[in-house]
Structure formats: C-alpha cells, structure tokens
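Accompanying notes for the structure given below.
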Amino acid sequence: MDNSPENGFTLVELMIVVVIIGILGILGLPKMRPYMLQGNLQAAIPYLMAIAAKERSYYQLNGSYYSSPDNDEQGLEDILGVDLSGAGDFCFLVRFGDGNYISPSGNSGSGDEGIAKFEVWALLRDDSYSGLTSENDTVTAFNLASVSCITADEKNHATGFVGPDGSDVGGEGRILSLRFPPPAFGVDPRTRAGRSINLNWENGVTLHDALR
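Just so you know, our numbering puts the end of the sequence shown at 244, numbered straight through with nothing missing.
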C-alpha cells in the first residue's frame, strides 16, 4: 500500500491565491484603464475615415461638402452612404467653418498649418440614453453645449466603456476628431475649444480630448 502524501493545493491555499490575484487586479486597474480606453477609442477611427472619404467624394460631384441638418447621423447615412449603426459608443457629425473646429488652428485666419476644410467628430456616448432607445439619442459635446449630435434611426447599444460624466476622462461628450486636410503631426499650437488643453494630432486624428 502506497502511503506517500498526495501532491496538490488545499482549499485554503487556493482561496489565498484567489484573494491575492483579486487584490493585484484592483491595484492594477487604474493604471490599465488609460490603455483600455485608448483601445476602445480606436474603434471610431475607421468610421471617421469613411465619413471623411465620402465627404471628399461628395465634394467632387457637387462642388460642396455635405452638412447634415441638426447634426443628425441619419443624414450622413442617407446622403453619404456610410453605415454608422455598429458604432454604438459614438455619435458622428461633420463640422465646417471658422469657429467650429476642435481648436482655432483650423480657422482660415489662424496662420497655423493644416487650415481645415472640415472636421469629422465622434462624440463619446454612454449607455444611458436621452430617449427610451439607442436610436435618435442626443449627445452633447463636453464644454460645448451648443454642439450636439443625434444618433441614426438604427444604432447599436453602447457597450458601456464611456462614463456618464463628461468632466471625467472617457466621459460622454468627449470628442475624437479627424481634420481634413490633416494638421502637422504633434501638439496643436492652439487649445481645444472649451478646454485649456493642447491636443495631439497623429495622421490627422486626435483622441487627446477623450484621454485627458
């Protein structure tokens, strides 16, 4: 008969390991959140690029860019032919003209590089809607109360990574922006409209407002 002790962990040892892992997870989560948020924000970039490409095509055919009435996404879908239903965490709009860009560096009289023809914005959107459903929800830009966006007639539910308070990093109403033509790579020489931060541009896109 083999009386040698069996190898393995006791229940108490396993519980201690689980508790330690939980504590390490709690301590590490605040440091991981910016990286997780940045990964989630990347999902908006293909939509920003698609809208910008459609706007340029529209200009070639019509001699002007398309402006959706009341910043309603449905107009972008119907006229430009972009499908925004899958981007539940964002509401998209297009901005034109001096004073309407995410920073004054896009204005015609700014003297800065990259004077804008237009900007495409994605407003972050949380999962508590102004209406009863995910569709036709109104999202207001943080610290720009005059700028709001209405989601399309068909829109996926937000996943929940966006916080409800725009004053928080990653909160509803924070802005992701694509500028055309793209500004110089790096820090914007002017501050973000409504905030005292200088955005960082990379390949014509800035996620900085949502991350700071």
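Glycine included, each C-beta is placed from N, C-alpha and C at the ideal position.
Mark residue i as exposed unless 16 or more other C-beta atoms lie within 10 angstroms of its C-beta, in which case mark it buried.
i: S199; result: exposed
i: H189; result: exposed
i: S140; result: exposed
i: R65; result: exposed
i: Y133; result: buried
i: T42; result: exposed
For residue i, which three-state DSSP category applies?
i: L176; result: coil
i: A154; result: strand
i: R88; result: helix
i: E204; result: coil
i: S209; result: strand
i: L164; result: coil
i: I229; result: coil
i: D110; result: helix
i: E45; result: helix
i: L239; result: coil
i: V194; result: coil
i: R224; result: coil
With C-beta atoms as the reference, is residue i less than 8 Å away from residue j?
i: S135; j: A225; result: yes
i: P214; j: N235; result: yes
i: C181; j: E109; result: no
i: L73; j: V152; result: no
i: N232; j: T238; result: yes
i: S117; j: E186; result: yes
i: A82; j: V114; result: yes
i: L243; j: L93; result: no
i: D121; j: F174; result: no
i: R227; j: S137; result: no
Measuring CA to CA, which of the options is closest to residue i?
i: L112; options: F128, A84 and N139; result: A84
i: D159; options: C123, S140 and G218; result: C123
i: G202; options: S178, D241 and N230; result: D241
i: F128; options: A148, D115, Q92 and V219; result: A148
i: Y79; options: A173, T191, A184 and A119; result: A119
i: R206; options: I48, G95, S96 and A177; result: A177
Problem set entry | the segment 80-96 / the segment 164-175 touching (three or more Cβ pairs under 8 Å) | A contact between stretches requires three or more CB pairs, one per stretch, nearer than 8 Å, and the segment 80-96 fails this requirement with the segment 164-175.
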